[in-house]
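Numbering (the numbering used here), first residue to last: 2 to 653. All residues carry an ideal CB built from backbone N, CA and C; glycine is no exception. None of the values given here were measured: they were computed from a predicted structure. Below is one structure, written out as structure tokens; comments come after it.
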């Protein structure tokens, strides 16, 4: 088999949670801590620089959102690069951008310079999203993958709190505003610098290593048909692509808008200046937002992604709508109640869709497209975040806070519907199953290549039957030759089944591969049975019916060979018609073989030599069985082709 023996996906998927899992999660999580810090600290910084730079409402929105616009571009760029050159090296590129962007922002001298550096920083942040999720998912075991990826994302909570707490400390220490905002932005480079050495020890992921090993092992370009075309990916995964992207967009519209402008919202509760709103924001995050992350971590592999995301969206929608309808009354009578319900939107966001929209895309795409798939969803989310933060100041001014909150409630309820309709459950399933990668990879590679080897052994077996019937070889030579081919065929079948077991194939893919392998092995066993009868019974006379039977079964086998060949080109539009045509023609040959069997049995039964009757009856029956088994194999191929076309094109 042409695969990397050093990578055993079954062992990785079945492993228990261990220190290596935690180390990889912490390395990826620390960069995510930095991402969150850099994105959300701008909310506090804007309070500081608004007066220093004399910023208008539009400029406030532009500075608040520009990193998010960069973060909308980064996932597509680095998701693509991560799939092309590997997760490890692409990860390093994003780290460099994060460090440079944070330092550049801290040394900005005005609105335009800060605007540019925040955009560059955002590109690096966006690139880190698909890579951190993909790396952790591809190292994780299937039972704990959800909590490991969710824990990586949960570091976002600590990053958000760090921004608020550092701001509180700087303000409490009476650090001048002119210096404090620079320190806040510059600190974004510190966590990334602390993990540089750890990242040098992070190797390429097992799944990507296996993908590149399989790809490089193919010397003939014609044999690289297992590579999935974008059209196939879209046809097979469009529901997941739409579901993950739209859900993330709807989530980030509300989450980033309310998070970045939370210091502003707290002014409605009576907090004034800079210190008061900043402290109130920090308390809200500690009490409501951070617990939500870790409740999700605790439950995601037990309850599942879909229930958590659905409940989160629904609770967010209800909370926002309650605030929109009764917020004015609550602020005038019980301000704390407004604050509590507002906090619930953060809790259920982090418990639900804010975590699961990050986890889902890392599980629903094949290795070849996993980083890009996550990048598409990340881009959609960050685009929603950017648009909301850009528009929030204007909407607050034009429509008011209650209309804004009502709109957010409607968007959250839309996210609930999208989740229920478009997204599957992925808990405790292997990546090969959640991404349905094997349905394409195994059919186009294993079925196409390894089964051609198996067909080669059967072809030789038929040639030995022809040689014996034409008296070119003796009975003993006949048996020894077919016995050797039968043994080699058994080894190929064993390799096929061993490969798909180690690769972690889904139940459907395993059934397709094993079923066809067994049918082809049955043909080889039938040929070996004919050889053994010729030797044991010491057959000397070859009858015309034997030659006729052999001619018919070889024609049936020729159609089987032709059908096997299409497994290397399942993308061709004409393959279904070709397989069906072969099946119809093979059925006719099978009927001819049945007719030859009946006429030959009728003839030999008229004889008086009982031993001869028994010997020849067995030989004719075994020769006829070959046509039946060829027909059975063609039927299996037809089922495989139809299923493949349904999975990749949505129709047969």
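Quiz item: Between the Cα of residue 1 and the Cα atoms of 606, 625, 631 and 619, which residue gives the shortest distance?
Solution: Here the chain comprises residues numbered 2 to 653, so residue 1 is not present and cannot be evaluated.
Quiz item: Out of 57, 72, 145 and 98, which has the shortest C-alpha to C-alpha gap to residue 16?
Solution: 145
Quiz item: Whose C-beta lies closer than 7 Å to the C-beta of residue 416 among residues of the same chain, with five residues either side of it excluded?
Solution: 248, 251, 252, 314 and 354
Quiz item: So, using beta-carbon positions, are residue 347 and residue 156 closer together than 7 Å?
Solution: no
Quiz item: For the candidate residues 550, 633 and 627, whose alpha-carbon lies nearest to that of residue 599?
Solution: 550
Practice problem: Counting only the same chain and skipping the five closest in sequence on each side, list residues whose C-beta sits under 6 Å from that of residue 72. | Solution: 123, 126, 127 and 383
Quiz prompt | For residue 231 and residue 80, the rounded distance between their alpha carbons | solution = A straight line joining the alpha-carbon of residue 80 with that of residue 231 spans about 15 Å.
Quiz item: From residue 553 to residue 587, what does the alpha carbon distance come to, in whole angstroms?
Solution: 9 Å
Quiz item: What does a CB cutoff of less than 8 Å around residue 120 pick up in its chain, not counting 5 residues either side in sequence?
Solution: 67, 68, 70 and 71
Quiz prompt | N-terminal and C-terminal residue of the alpha helix (DSSP H) that residue 354 is part of | solution = Segment 354–360, the alpha helix (DSSP H) holding residue 354.
Exercise. Starting from residue 187, follow the alpha helix (DSSP H) in both directions and report where the run begins and ends.
Key: Residues 178–187.
Exercise. Could you round the C-beta distance between residue 172 and residue 112 to whole angstroms and report it? I think they count as a contact, below 8 Å.
Key: In fact, because the Cβ distance is near 22 Å, the residues do not count as touching under 8 Å.
Quiz item: CB-CB under 7 Å to residue 115, same chain, minus the five flanking residues each way: which ones, in chain order?
Solution: Once the five neighbours on either side are set aside, the close Cβ partners of residue 115 are 64, 106 and 109.
Quiz prompt | C-beta contact flag for residue 206 and residue 304 at 7 Å | solution = no
Exercise. Tell me whether the beta-carbon of residue 162 lies closer than 7 Å to the beta-carbon of residue 286.
Key: yes
Quiz prompt | Contact the segment 577–587 vs the segment 598–613: 3+ CB pairs below 8 Å | solution = no
Practice problem: For residue 331, collect the residues of the same chain with a Cβ closer than 6 Å to its Cβ; drop the 5 residues on either side in sequence, then sort them by chain order. | Solution: 338 and 339
Exercise. Run through the segment 31–111 for me and flag every whole alpha helix (DSSP H) of 4 or more residues, listed as ranges in chain order.
Key: 43–53, 58–86 and 88–107
Quiz item: Going straight from the alpha carbon of residue 284 to that of residue 374, what length do you get?
Solution: 36 Å
Practice problem: State the start and end residues of the unbroken alpha helix (DSSP H) segment that holds residue 451. | Solution: First-last for residue 451: undefined, no H or E at that position.
Self-check item: Nearest to residue 192 (by Cα), restricted to the options 436, 435, 292 and 97
Solution: Closest option to residue 192, Cα to Cα, is 97.
Quiz item: With a Cβ-Cβ cutoff of 7 Å, do residue 361 and residue 245 count as a contact?
Solution: Their beta carbons are under 7 Å apart, which means residue 361 touches residue 245 by this criterion.
Practice problem: Determine the contact status of residue 372 and residue 83, defining contact as a CB-CB distance below 7 Å. | Solution: yes
Self-check item: Selected residue, minimal CA-CA separation from residue 1, among 59, 520, 203 and 452
Solution: Because the chain is modelled from 2 through 653, residue 1 falls outside the range shown and cannot be assessed.
Quiz item: Mind checking residue 239: buried by the 16 CB within 10 Å criterion, or exposed?
Solution: exposed
Quiz prompt | Contact under 7 Å by Cβ, residue 143 with residue 302 | solution = Not in contact: residue 143 and residue 302 (Cβ atoms no closer than 7 Å).
Quiz item: Just reading off the alpha helix (DSSP H) that residue 403 is part of, what are its end residues?
Solution: 402–423
Quiz item: Are residue 311 and residue 342 touching if we call contact CB-CB under 7 Å?
Solution: no
Practice problem: Label residue 597 either buried or exposed according to how many other C-beta atoms from any shown protein chain fall within 10 Å of its C-beta, with 16 as the threshold for buried. | Solution: buried
Quiz prompt | For residue 634 and residue 386, the rounded distance between their alpha carbons | solution = Cα-Cα distance, rounded: 54 Å.
Quiz item: Can you tell me whether residue 158 is buried or exposed, with buried defined as 16 or more other CB within 10 angstroms of its CB?
Solution: By the 10 Å Cβ count, residue 158 comes out buried.
Quiz item: When the Cβ atoms of the segment 457–464 are set against those of the segment 174–185, are three or more pairs found closer than 8 Å?
Solution: Contact fails between the segment 457–464 and the segment 174–185, because fewer than three Cβ pairs, one in each stretch, are under 8 Å apart.
Quiz item: Once you ignore the five residues that flank residue 602 on each side, which residues in its own chain have a CB closer than 7 Å to its CB?
Solution: 618 and 621
Practice problem: Return the first residue and the last residue of the alpha helix (DSSP H) that residue 562 is part of. | Solution: 545–566 is the extent of the alpha helix (DSSP H) around residue 562.
Quiz item: If we call anything under 7 Å between Cβ atoms a contact, is residue 487 one with residue 529?
Solution: yes
Quiz item: If you drop the 5 nearest sequence neighbours on each side, which residues of the same chain put their C-beta closer than 7 Å to that of residue 74?
Solution: 124 and 127
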